[in-house]
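Enquirer: Residue numbers (the working numbering), protein chains in the order written: chain A, 841 to 1048; chain B, 841 to 1048.
Where is the CB? At the ideal position from N, CA and C, for every residue including glycine.
Because the structure is a prediction, the values reported are computed rather than measured.
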Ligand SMILES: [Ca+2]
């Protein structure tokens, strides 16, 4: 772990600020966690930090497609933290069933370690946000997850099939992810469905 | 420019969604705009997209150090978009005076092009956010800028002087940036000042 500079700041609770700095420095590591999918221009794999930024922007742009009453600022907050656990647990490819089984436990341990770097009140709040995202019981969490699932589909379509082609993903497998998008946003779900139909026509998906 | 997939989505204003997708795909390019500073572990240069994510997280963590009444969700919104103009204008090193002079004009042209990819109502709103950040007249913009200025100082301290050493930056030059931090947050300004004093003791700054 990277320790904050041992400098004293007047008028501030030193221990509290140090804990906050420790967290901010620790999550810098998310910039080095690589996902499977490529950037939209195909030049390299995407990392979790830039991915989280892109989702936050996309969530705001697509806000009107969230169910009425969805708090978009809360969606952004969920998205900013949703992947932080991958600093310890790594990125799990959504079509890798074996890894997905152990993923939940590895991510819980990561959440236990990383969020508790923060002062207790902030640790509790950050953990609650991550739990909310994972549970997908609020419309904010469902919309956040929808945007999270849509983004790699856009990248795959724009890189001639990307990870679909690379890993021989079938239309049936992708349609399960489209279902998650539809649960968060009817409009984005429709778009994803049209995109997948088009991807199939273009031969980006393996015939199951 | 990357054109969205030409697929029709039922029940949605096709032209509007296409404009939104065009913007979301376009800003993917921010992931390829490199800043001067390194990641906290020194492994490589940071890009603007992951930088924007890190600032948004840091702004939330440090929220209590913003002046009373500061709307942190608005700060996050400012930070998510503040560097998007660098897709066209490139990153300008904060200690590069010559480049800084032409920077304002290049960034304005970039804002004209990039934000107008969005549907008009969203383009107006995004442009207003960017103008607000640049003007630093609201406490939200000043706090956002403070976090933006603090982050590379943290990275420099943690990489044995980083860009300060690389480009022979003096303490006086850094203190001008600390002033901007203090204008957004007294506490973060005090911290930055203590950090710079310590950096000087460690020989990370050139004697002016
Ligand atoms: Ca900048």
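Which residues in the same chain have their Cβ closer than 7 Å to the Cβ of residue 951 (chain A), if we skip the five residues on either side of it in sequence?
Expert: Answer for residue 951 (chain A): 925, 967 and 970, listed in chain order.
Enquirer: Pick out whichever of B:1019, B:993, B:1021 and B:899 has its Cα sitting closest to the Cα of residue 1038 (chain B).
Expert: Closest by alpha carbon: B:993.
Enquirer: Under 8 Å, do residue 866 (chain A) and residue 964 (chain A) count as touching if we go by C-beta distance?
Expert: Their beta carbons are not under 8 Å apart, which means residue 866 (chain A) does not touch residue 964 (chain A) by this criterion.
Enquirer: Check whether chain A comes within 8 Å of residue 871 (chain B), counting only Cβ atoms and requiring the distance to be less than that.
Expert: True, the Cβ-Cβ gap to chain A drops below 8 Å.
Enquirer: Compare the C-beta of residue 893 (chain B) against all C-beta atoms of chain A and say whether one is closer than 8 Å.
Expert: So yes, residue 893 (chain B) belongs to the interface.
Enquirer: Could you tell me whether the Cβ atoms of residue 931 (chain B) and residue 870 (chain B) are closer together than 8 Å?
Expert: No; because the gap between Cβ atoms is not below 8 Å, this pair is not in contact.
Enquirer: So which residues of chain B does residue 857 (chain A) contact, with C-beta pairs closer than 8 Å?
Expert: Simply 1027 and 1031.
Enquirer: Along the region 904-915 of chain A, what residues have a CB closer than 7 Å to any CB found in chain B?
Expert: Answer set for the region 904-915 of chain A: 913.
Enquirer: Indicate whether the contact test is met: 3 or more Cβ pairs, each with one atom in the region 846-859 of chain B and one in the region 846-858 of chain A, closer than 8 Å.
Expert: Too few Cβ pairs lie closer than 8 Å, so no.
Enquirer: How would you call residue 1019 (chain A), buried or exposed, if buried means at least 16 neighbouring beta carbons within 10 angstroms?
Expert: By the 10 Å Cβ count, residue 1019 (chain A) comes out exposed.
Enquirer: Quick one: Cα of residue 1041 (chain A) to Cα of residue 1047 (chain A), how far?
Expert: About 11 Å.
Enquirer: With a threshold of 7 Å (Cβ to nearest heavy atom), would residue 903 (chain A) be considered close to ligand 2?
Expert: Ligand 2 is not part of this structure, which contains only ligand 1.
Enquirer: Report buried or exposed for residue 910 (chain B), applying the criterion of at least 16 other Cβ atoms within 10 angstroms of its Cβ.
Expert: It counts as buried.
Enquirer: Name, going along the chain, the residues of the region 1034-1046 of chain A whose beta-carbon falls closer than 7 Å to a beta-carbon of chain B.
Expert: Those would be 1034, 1035 and 1038, in chain order.
Enquirer: With 16 as the cutoff for other CB atoms within 10 Å, does residue 937 (chain B) come out buried or exposed?
Expert: Flag for residue 937 (chain B) reads exposed.
Enquirer: Given a cut-off of 8 Å, decide if residue 1002 (chain A) and residue 995 (chain A) are closer than it, judged by their beta-carbon atoms.
Expert: Against a cut-off of 8 Å, the Cβ pair of residue 1002 (chain A) and residue 995 (chain A) comes out as a contact.
Enquirer: Threshold first: 4 residues or longer. Then list the alpha helix (DSSP H) segments lying entirely within the region 862-926 of chain A, N to C.
Expert: Within the region 862-926 of chain A, the complete alpha helix (DSSP H) runs of at least 4 residues are 888-901 and 912-921.
Enquirer: Starting from residue 850 (chain A), find everything on chain B with Cβ-Cβ shorter than 7 Å and list it in chain order.
Expert: Chain B residues near residue 850 (chain A): 1030.
Enquirer: Taking the continuous alpha helix (DSSP H) assigned at residue 993 (chain A), which residues delimit it?
Expert: 979-998 is the span of the alpha helix (DSSP H), which, as asked, contains residue 993 (chain A).
Enquirer: In chain B, which residues lie less than 8 Å from residue 879 (chain A) when you measure between Cβ atoms?
Expert: Simply 868, 871 and 872.
Enquirer: Please state the DSSP three-state secondary structure of residue 1010 (chain A).
Expert: Residue state, collapsed to three classes: strand.
Enquirer: Report the partner residues of residue 1046 (chain B) according to the DSSP bridge assignment.
Expert: According to DSSP, which records beta bridges pairwise, residue 1046 (chain B) is partnered with B:1010.
Enquirer: How far does the alpha helix (DSSP H) with residue 1031 (chain B) in it reach, from first residue to last?
Expert: Residues 1026-1041.
Enquirer: Can you check whether the CB of residue 889 (chain A) is closer than 8 Å to the CB of residue 894 (chain B)?
Expert: Their beta carbons are under 8 Å apart, which means residue 894 (chain B) touches residue 889 (chain A) by this criterion.
Enquirer: Going by alpha carbons, who is nearest to residue 961 (chain B) out of A:900, A:879, A:1033 and A:863?
Expert: Of the candidates A:900, A:879, A:1033 and A:863, the one whose C-alpha sits nearest the C-alpha of residue 961 (chain B) is A:900.
Enquirer: Could you spell out where the alpha helix (DSSP H) holding residue 843 (chain B) opens and where it closes?
Expert: Taken as a continuous stretch (DSSP letters only), residue 843 (chain B) belongs to no alpha helix (DSSP H), as it is neither H nor E.
Enquirer: Can you list the residues of chain B that residue 842 (chain A) reaches, using a CB-CB cut of under 7 Å?
Expert: Simply 880 and 998.
Enquirer: Should residue 941 (chain B) be flagged as near chain A, meaning a C-beta pair shorter than 8 Å?
Expert: Not closer than 8 Å to any Cβ of chain A, the Cβ of residue 941 (chain B) fails to qualify, so no.
Enquirer: For residue 883 (chain B), which residues in chain A fall below 8 Å Cβ to Cβ?
Expert: Ordered by position in chain A, the residues that pass the 8 Å Cβ test against residue 883 (chain B) are 872.
Enquirer: Residue 921 (chain A) and residue 972 (chain A) - do their beta-carbons sit closer together than 8 Å?
Expert: Against a cut-off of 8 Å, the Cβ pair of residue 921 (chain A) and residue 972 (chain A) comes out as no contact.
Enquirer: Please say whether residue 859 (chain B) and residue 983 (chain B) have beta carbons closer to each other than 8 Å?
Expert: In this structure, residue 859 (chain B) does not lie closer than 8 Å to residue 983 (chain B) by Cβ.
Enquirer: If you follow the alpha helix (DSSP H) that residue 949 (chain A) is part of, which residue opens it and which one closes it?
Expert: Where residue 949 (chain A) is concerned, the enclosing alpha helix (DSSP H) stretches over 937-955.
Enquirer: Within 10 Å of its beta-carbon, does residue 977 (chain A) have 16 or more other beta-carbons around it, so buried, or fewer, so exposed?
Expert: It counts as exposed.
Enquirer: Rounded to whole angstroms, what's the CA-CA distance from residue 1029 (chain B) to residue 915 (chain A)? Just pull it up for me.
Expert: Taking the straight line joining both Cα atoms gives about 30 Å.
Enquirer: Could you give the distance in angstroms between the alpha-carbon of residue 981 (chain B) and the alpha-carbon of residue 1031 (chain B)?
Expert: Roughly 19 Å between the two C-alpha positions.
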